[in-house]
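539 is the number that our numbering gives to position 555 of the sequence shown; each next residue is one higher, with no gaps.
Virtual Cβ for every residue (Gly too), placed ideally from N, Cα, C.
Since this is a predicted model, take the numbers as computed values, not measurements.
Single-structure report; data block below.
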Amino acid sequence: MALARIDSNPTPRPSWAVSPITADMSPVGTYESSSAGLDEASQESEVSESWDVEALEDAIMRMPGYMVKRLRTLYSQRVHCGPLEPDLYEVALAFSNIADVIDDRLGPGIVEDNEDDRLWDSLLDAGISDLCEEIVKESDFESEHPDWIAAVLSMVSATVVRCHKRSVDYESPRAQQVLRILSRLCHIGNTHRELFVDDNIILETYAPGAASLMRFHMQHILSEATYFYSESRLLPDGSTVAMRVRSAEEGRELARLCMHLWYCRASDDDQVLAEMLLPFALNAVNLFSPGDFFSLFENEAIMPMGPLQFLTSVCTSLRCGGFGNVEWPRVLLDRLLPNIASRPLWPHYSASGFFAALRDMLDSNNHLGSTLVRWRQLDIALELLIAVTDVAPLNDAAGPLIRHFDIVELIAHSILVCVQVTEASDGVCHRAIDHYTKIAAVLGLRSGKNALKEAFQQATQRVWYRTLKTLRDHRSSDIRGKHKCKQLILAWQVFGKTLDLVEADEKAAYDREMKAAAHLCGWSGCKYHEKEPPHPVRTCAGCGEVRYCSRPCQQKDWREGGHKQKCKRLKAEPHQSRRD
């Protein structure tokens, strides 16, 4: 960005900075006649240099070919990296406004094309994408006026959207042109990251809001660009890579910029676009060999942000809710899996809130989707936690998970969901049980008072016999399901014995608890929580175990007592209301 110093202001002034240019110039000329069938000279006479943006938008609709030529002419006549001439600005803004309404919705029930979509097709035929490619290839494009950059980005975004919606073939000239534009923009974005951050003092001084607008357009471009980079390929180990790039450097540039735009997202950004960039970036990173992969991840994700800040930002993504997409949690965890156990992250899992955010995400999504969908989330979550605790020190990973995040209960819940899904493999459940059985054995070898072992034992006692009983009561309709259940029972028994749990004692404690709970209110704030009420209590229809003396107590325990999460975990099946 070319800068000039102003003596009265310590902030460097860019070469394009002048008095603010208003977006809505007062119209001087108007028109009423149609220009259909007019030759170029007549079309030119139809366009007044003093028209406002709305009039220019109408001219683009009526004369797309001519208006693309006009934009090209005004662009060629500009002062490089200088103030943005009003004529160029207004025409560019008119194109940008049209680009911003291009329909990017896909899927069943979506109208294939509308008038705006077809207009952009006409502009593509008239050469708008050729002009965009020429513009972004300029060596000093990033030093142009931010409003001009934002307008160009919006035009590129509309072009990418139309190619996506029309399912343009990857090998077609149009798709290859889009890929060249994307490659160039990724390079510019990575070498000039300051263009997209809100604390850019120069932009905020001379072009307030420009960083946010450029960031939005670039986020939209990259989110739509997944169409061009998506390709499901089966690897020798049986896994798939849903990504294709023309070169390793292109993949690195793509991953870097996606990661940057994800990290510098703001609360007023389009959250769907911003959050999509993290799994997209990690997917691009996963293309590389292990050495290149870890180098790229640590250098481009962890080091620029800092490990604590990276994990804190990941927590925001985990808690975003998936925007109604029940597959979002699984996809995000799947992309995080290869790198979340990176050494620089070890000391920050708890401080960043990563474990808590992961648990909150699983709890909040536990009632969404089918049992199979929920199992897939639990499956990948356990894989991720095993990967972390397998390499990170006990005090950084397994210890906090045992003490504060109820990892034993999560494993127990996952087991119960697993046995309900016929096609689910129980491999991750066995690995999790074996993993914590080994931790229990190691803790058992320590002499003296062992606070972690005590916490581990208490956490296990709360769910161990209940889980064992549920597994034994489970009725599977096929031989494979019965075998799966039998093997999980054996592994769960070994786990309990390693923590010195005796089944007869745990059964007796469970029976006493159930007998007492059958007559008491489950809300801890109720006076009948410790003494029997004068009337029978009613069972929670969700989990079938907790009882309440009244509906207000049930509502309070749901909102304040944590039963909302416990109810979902106790009963693996999704709750059906009585009306169902």
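Sub-7 Å separation of residue i and residue j beta-carbons
i    : j    : result
E128 : C65  : yes
S141 : H244 : no
N323 : F294 : no
L358 : V401 : The residue you asked about is not Leu; residue 358 is Arg in the sequence shown. Yes, they are a contact pair.
A265 : L317 : no
C170 : L238 : yes
I112 : V37  : no
A341 : R303 : yes
L321 : L368 : yes
D363 : V412 : yes
S80  : S138 : yes
V145 : D84  : no
P130 : A76  : no
S461 : C469 : no
C242 : L206 : yes
K550 : W507 : no
R168 : K121 : yes
V403 : H351 : no
E423 : A382 : According to the sequence displayed, residue 423 carries Ile and not Glu. Yes. Within cutoff.
L385 : H332 : no
V521 : C533 : yes
I86  : W104 : yes
L485 : I399 : no
A443 : A371 : no
L72  : L58  : yes
F389 : F338 : no
Local Cβ density within 10 Å of residue i, reported as buried at 16 or more and exposed below that
i    : result
E438 : exposed
I185 : exposed
K433 : exposed
N379 : exposed
H467 : exposed
D252 : exposed
R531 : buried
S297 : buried
T175 : exposed
M566 : There is simply no residue 566 to check, as the chain begins at -15 and stops at 564 in what is shown.
H547 : buried
L219 : Annotation note: pLDDT 42 at L219 (below 50); position unreliable, coordinate value reported separately. With fewer than 16 other Cβ atoms within 10 Å, it is exposed.
F307 : exposed
A1   : buried
G545 : buried
M202 : buried
N267 : buried
S231 : exposed
P263 : buried
M498 : exposed
L356 : exposed
E259 : buried
A209 : buried
R102 : exposed
V447 : buried
Q61  : exposed
I463 : exposed
R360 : buried
G290 : exposed
V162 : buried
S279 : exposed
R236 : buried
Counterpart residues of residue i in DSSP-defined beta bridges
i    : result
R177 : None; R177 has no bridge partner.
T523 : R531
Distance cut-off 6 Å: residue i Cβ against heavy atoms of the ligand FMN
i    : result
Y154 : The ligand FMN is not part of the structure shown, which contains no ligands of any sort.
List, from N- to C-terminal side, the alpha helix (DSSP H) runs of 4 residues or more that fit wholly inside the segment 428 to 500. 435 to 457, 463 to 482
May I have a chain-ordered list of the alpha helix (DSSP H) segments no shorter than 4 residues that lie completely inside the segment 381 to 426? 382 to 388, 391 to 404
Would you call the segment 503 to 523 in contact with the segment 477 to 492, where contact means no fewer than 3 C-beta pairs closer than 8 Å? Taking one beta carbon from each stretch, the segment 503 to 523 and the segment 477 to 492 have fewer than 3 pairs nearer than 8 Å; the two do not touch.
With a cut-off of 8 Å, do at least 3 Cβ pairs link the segment 103 to 121 to the segment 174 to 189? no
Is the number of C-beta pairs between the segment 424 to 433 and the segment 447 to 461 that are closer than 8 Å three or more? no
Which whole runs of the beta strand (DSSP E) in the segment 40 to 77 are 3 residues long or more, in chain order? none
Pair every Cβ in the segment 191 to 200 with every Cβ in the segment 145 to 152, then say whether three or more of these pairs are closer than 8 Å. no
Report the residue ranges of all beta strand (DSSP E) runs contained in full by the segment 309 to 363; include only those spanning at least 3 residues, in chain order. none
I'd like to know if the segment 490 to 506 and the segment 461 to 477 are in contact, where contact means that at least 3 CB-CB pairs between them fall below 8 Å. no
Unbroken stretches of the alpha helix (DSSP H), 4 residues or longer, contained in the segment 137 to 168: none
Taking the runs of the alpha helix (DSSP H) that are 4 residues or longer, which of them lie wholly in the segment 177 to 202? 185 to 190
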